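Peer 1:
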Amino acid sequence: MLTTGSKLLIGATVVSVISAILFGITVDGPGATVGVIGLLSAAVAFGLIAGINVYVRDSNAPAMEPGVEHTCAAARQPSGASGWPAVAAVGVAGLAIGAVSRPVVFLVALVVVLAAIVEWMVQAWSERASDDTGYNATIRGRLLHPLEFPVLATLGLGALIYGFSRIMLSASKDAGRWLFIAIGALFLAGAVVVAIYRGAGKRTIAGVSALAAFAVVGVGVASAVQGQRDIEAHPAPSCLSNEEGEGDHGAPKAPSDTAGVYATIVLTDSDFYAVLGNWNGPDKIAYHQLSVPRNARVSLVFLNQTSEPARLTARLGKFGDAAESVECTAMVEADGEGYLSIKAVNVPLASTEPMQLQLGGEEAPAIEIQVP
Amino acid sequence: MLAHLPRRRAAAALAILGFLVAGCAKNAPQDIFRPAGSNAREIDDGLGGQKYIFILAGVVAAIVIAVVLFIIFKFKDRGQDIPEQTHGNPMLEIGMTILPAIILITVAIPTVAKIFNLAKSDDAACVVNVTGQQWWWEYDYPVQNCGGIEITQPIVTSGEMVIPAGVNVQLRITSRDVIHSYWIPRLNGKRDAVPGSLQPLRMQADQPGIYTGQCTEFCGLSHARMRQAVVALDSDSFATWVANQEEAYTSPTDALALEGEGQFISQCARCHQINGLTNSDGTPVLANPEQNLVSGAAPNLTNLMTRTGFAGFTFDLITDACREKLWNAPSEEFSALYLQGVWMDSPAGAEYPVCFNETALREWLRNAPGMKPMFVDPNNLSSTGGLYRGMPNLGLTEAQIDQLIAYLLERK
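Taken in order, these protein sequences are the chains called A and B.
Per my numbering, the very first residue in the first sequence carries number 917; after that it's consecutive.
Per my numbering, the very first residue in the second sequence carries number 296; after that it's consecutive.
Written out as structure tokens, the structure is:
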């Protein structure tokens, strides 16, 4: 005998098929195919579920075994109260707050609500799985621990790292060094103590570790509230100057990546020229013009083969009212190398300033930049 | 013979035969087993060459498949007793380790040597910068002596790269947007075009002819329509081509074409450059593709009608008959035929009075994204900050298209 649920699903299947036929006959245009496919898909889905439902008799246990609903594990009362509804409530409140304030609050609240739903659902299911409370806890763990452990570990480590980074950012540069050494030394000392006194119990070690973690996070929060120290920004090198300036300090002076170099710019005592990258042909030329594809970023290596420091400056044009586009290396020491990445956005004809490679502020010697 | 086989086996045999016969196509312009230049031959020939490795790999595959099939059929479960179970056979295991190692070493040594040979650029006598973007290739020729021919000002073209036959040309490949890959199968292997980096690739064609390829790194919506060609010309013809590319711009004299020049300035010059084109006040007309396109570049159309294809070499600028004749021309006739370019009036010696594929260009001007899918819906450009990926539908009238075609036909 078919159950009510099965009848409902079979009916839905039949209605979907009839609707698909009628839709296909009556509706024209590009939407007709989509509609028929949608309705037929619904019919297939309903049919599948109806078949399963008939097979399992609508999961109607009393129909198969009268009275079982009073004796089965699912009929038992839950073993204890659950905290997840409260978490879900906080999440829903967060959703409301996030909807009118910041999207990030909404997203976090959404994650909290989803997590609470999943946890609550699995807890409720596992508590009714059998009469054995221990077994129920085990199967809950099997389902959720693979999710819970990595997430909690990530959150815990994230909080630690974030807290530590806030501490280091708020401390002065000198204090930061000493702090880093002190924390490292404390960690090492703790590990040595644990290694020597093997009698220390797991709980003691876990307690001390937790206290240390809370301390780091707590001080980190306090540091975040206090704000980070003033961090001095490195000024950009002054491209149209031949003097070493503040911006040259700390700037990289050796190419970090010489693969795929477009051209090597060489400065000797007698010449200033370009050699095309990846071409060692017989016609390897000391170019005094460099053809650069428009709007493609290319990299240059600057070889300073003189006995004086020098800077490679690329003047990449002044178009309309915009400021002149200038890029340069830091001051490159004698017999040193510098690296420069340039992008010419327009052709020299459109520029009111020359487009060329030069040495700092000196307009000559120069390598003309051509942009075809 | 197949009639004697059971139906299933006959079907399987037919399927295998179909696969084998598919490799027999004569008109396969991208056939890697028909090298047409020294670099492709380097890949093809010798102990580490693809031909021998293909055969070796085929033999190994055949042996493995045969052994697997033998085991499947020999030990198929027919209700027989389970055979005696054994574990370990040192001699067999050592042999099965050493044999593949020997095969791999045999293949690796000459292959590595070939890689180094292909990376050489000592004998490259010309250099071309190749820049990829969605979905076409740009070629620019710096000022240089290219295989004995002086290039006195930078040349820029797109779709098809023209090189002198018999000369090793060094390509310097990069990209403006995403990663692409340049491949002319009959001339050399593939090389990725990576934004911000320069990848070298040597290219040489023994004989004049056209050698086609295809972008081989998925690069977006019209990746399949990002094609390319290398056109090799004999030395004299290459010199003629260079001289033609360097010729100064001349304004059209025909009234319709003159109107087309105005249309070009107002409709097309936002992205496309025609070198030498000036406004009515004499100031140069300069394209600003960086303000309109994600890649920041559009094909330079200065000498459009010297090419045989357009829109990333996807569509022909010449008619099917002319294309057939050009592509199948003997190498000694090819260069002269190519230099004729696209014509409307029969030049001396031309077999066909009209070679211009007007239908394709007209349709392109009418609705470019209808021919080649591109991200050019003006209402859906928020993700690109209002910039297009490709050519949008400009909504040109038929009269405007007539004028533009008349103008573009003179760009040769």
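For each residue, glycine too, the CB sits at the ideal point set by N, CA and C.
Since we're looking at a predicted model, the values are computed, not measured.
Measure the CB-CB distance between P1001(A) and W1036(A) and report whether it falls below 9 angstroms.
Peer 2: Yes, they are a contact pair.
Peer 1: Give a yes or no on whether the minimum CB-CB distance between D376(B) and chain A is below 9 angstroms.
Peer 2: For D376(B), the answer is no, since every Cβ of chain A falls outside 9 angstroms of its Cβ.
Peer 1: For P378(B) and F314(B), what's the separation of their Cα atoms in angstroms?
Peer 2: Using only the alpha carbons, I get a separation of about 38 angstroms.
Peer 1: Could you check the C-alpha separation between T929(A) and D1048(A) for me, to the nearest Å?
Peer 2: Spanning the two alpha carbons is a distance of roughly 41 angstroms.
Peer 1: Can we say the stretch 618-632 of chain B touches the stretch 581-598 of chain B, given the rule of at least three CB pairs closer than 8 angstroms?
Peer 2: Flag = no, the stretch 618-632 of chain B and the stretch 581-598 of chain B do not touch.
Peer 1: For a test of the three-state rule: what should DSSP assign to K1259(A), helix, strand or coil?
Peer 2: Coil at K1259(A), not helix or strand.
Peer 1: Kindly indicate which residue of I450(B), V473(B), M600(B) has the alpha-carbon position closest to the one of V1208(A).
Peer 2: Answer by Cα proximity: I450(B).
Peer 1: Output the distance between the C-alpha atoms of R602(B) and V637(B), rounded to the nearest integer angstrom.
Peer 2: Using only the alpha carbons, I get a separation of about 7 angstroms.
Peer 1: Helix, strand or coil, according to DSSP, for L528(B) in the structure here?
Peer 2: The answer is strand: DSSP assigns L528(B) an E or B state.
Peer 1: Can you name the residues of chain B whose CB is closer than 9 angstroms to the CB of G1193(A)?
Peer 2: The contacting residues are R467, L493, P495.
Peer 1: Any C-beta of chain A within less than 8 angstroms: which residues of the stretch 561-594 of chain B qualify?
Peer 2: Under the 8 angstroms Cβ criterion, the stretch 561-594 of chain B contributes Q568, P579, L581, N583, P584, E585, S590, G591, A592.
Peer 1: Are at least three pairs of beta-carbons, each pair with one atom in the stretch 395-412 of chain B and one in the stretch 569-580 of chain B, less than 8 angstroms apart?
Peer 2: Contact between the stretch 395-412 of chain B and the stretch 569-580 of chain B is absent, because fewer than three Cβ pairs lie under 8 angstroms.
Peer 1: What are the boundary residues of the alpha helix (DSSP H) that R1231(A) is part of?
Peer 2: Taken as a continuous stretch (DSSP letters only), R1231(A) belongs to no alpha helix (DSSP H), being part of the beta strand (DSSP E) at 1228-1231.
Peer 1: At a CB distance below 7 angstroms, what residues from the stretch 1263-1280 of chain A approach chain B? Give them in sequence order.
Peer 2: Residues V1263, L1265, A1266.
Peer 1: Return the residue from the list N623(B), P648(B), N424(B) that minimises the CA-CA distance to A488(B).
Peer 2: Answer by Cα proximity: N424(B).
Peer 1: Suppose the cutoff is 7 angstroms on Cβ atoms and the five residues either side in sequence are ignored; what does the same chain contact list for G963(A) look like?
Peer 2: Excluding sequence neighbours, G963(A) sits near T929.
Peer 1: Closest to P495(B) by CA distance: which of L1095(A), G1193(A), R1056(A) is it?
Peer 2: Out of L1095(A), G1193(A), R1056(A), G1193(A) has the C-alpha closest to the C-alpha of P495(B).
Peer 1: Would F1103(A) be called buried (16 or more neighbouring beta carbons within 10 Å of its own) or exposed?
Peer 2: So F1103(A) ends up on the exposed side.
Peer 1: Give the straight-line distance between the Cα atoms of E433(B) and M600(B), rounded to the nearest whole angstrom.
Peer 2: Each residue's alpha carbon lies about 16 angstroms from the other.
Peer 1: Determine the chain A residues that contact N424(B) at a beta-carbon separation under 8 angstroms, and present them in chain order.
Peer 2: Residues of chain A passing the Cβ test: S1207, P1209.
Peer 1: In chain A, which residues lie with their C-beta within 8 angstroms of the C-beta of R481(B)?
Peer 2: Going along chain A, no residue has its Cβ under 8 angstroms from R481(B), so there is no contact; the nearest lies around 22 angstroms.
Peer 1: From the beta carbon of Q1221(A), is the nearest beta carbon of chain B less than 9 angstroms away?
Peer 2: It does not: the Cβ of Q1221(A) has no partner Cβ on chain B nearer than 9 angstroms.
Peer 1: Round the Cβ separation of L1206(A) and L1256(A) to the nearest angstrom and send it over; I've been treating them as touching at under 8 angstroms.
Peer 2: Not really, about 12 angstroms apart at Cβ, beyond 8 angstroms.
Peer 1: Excluding the 5 residues flanking V1261(A) on each side, which residues of the same chain have their C-beta closer than 6 angstroms to its C-beta?
Peer 2: Answer for V1261(A): N1211, listed in chain order.
Peer 1: Which residues mark the beginning and the end of the beta strand (DSSP E) in which W638(B) is found?
Peer 2: Per DSSP, W638(B) belongs to no beta strand (DSSP E) and is neither H nor E.
Peer 1: Taking the continuous alpha helix (DSSP H) assigned at T511(B), which residues delimit it?
Peer 2: Taken as a continuous stretch (DSSP letters only), T511(B) belongs to no alpha helix (DSSP H), as it is neither H nor E.
Peer 1: Does DSSP put T573(B) in a helix, a strand or coil?
Peer 2: T573(B) falls in the strand class under three-state DSSP.
Peer 1: Check this for me: beta carbons of V1034(A) and G1010(A), under 9 angstroms apart or not?
Peer 2: No. Outside cutoff.
Peer 1: Assuming F608(B) and A524(B) are in contact, meaning their beta carbons sit under 8 angstroms apart, how far apart are those beta carbons, in whole angstroms?
Peer 2: Going by Cβ atoms, the distance from F608(B) to A524(B) rounds to 6 angstroms, so yes, they are a contact pair.
Peer 1: Give, in chain order, every unbroken run of the alpha helix (DSSP H) that is at least 4 residues long and sits entirely within the stretch 1099-1181 of chain A.
Peer 2: Runs of the alpha helix (DSSP H) inside the stretch 1099-1181 of chain A: 1118-1142.
Peer 1: Does any CB atom of chain A fall closer than 9 angstroms to the CB of Q439(B)?
Peer 2: True, the Cβ-Cβ gap to chain A drops below 9 angstroms.
Peer 1: Based on DSSP bridge pairs, tell me the residues matched to G690(B).
Peer 2: Looking at the DSSP assignment, G690(B) forms no beta bridge with any residue, so it has no partner.
Peer 1: Listing by chain order, which chain A residues have their CB less than 8 angstroms from the CB of I450(B)?
Peer 2: Within chain A, the residues near I450(B) are P1288.
Peer 1: Can you give me the C-alpha to C-alpha distance between R481(B) and V464(B), rounded to a whole angstrom?
Peer 2: Distance between the alpha carbons of R481(B) and V464(B) is about 15 angstroms.
Peer 1: Mind checking the stretch 1222-1235 of chain A against chain B and listing, in chain order, the residues whose C-beta falls within less than 7 angstroms of any C-beta there?
Peer 2: Listed by position, the residues of the stretch 1222-1235 of chain A near chain B (Cβ gap below 7 angstroms) amount to none.
Peer 1: So Q558(B) is in the alpha helix (DSSP H); what residue range does that whole segment cover?
Peer 2: First-last of the alpha helix (DSSP H) with Q558(B): 550-558.
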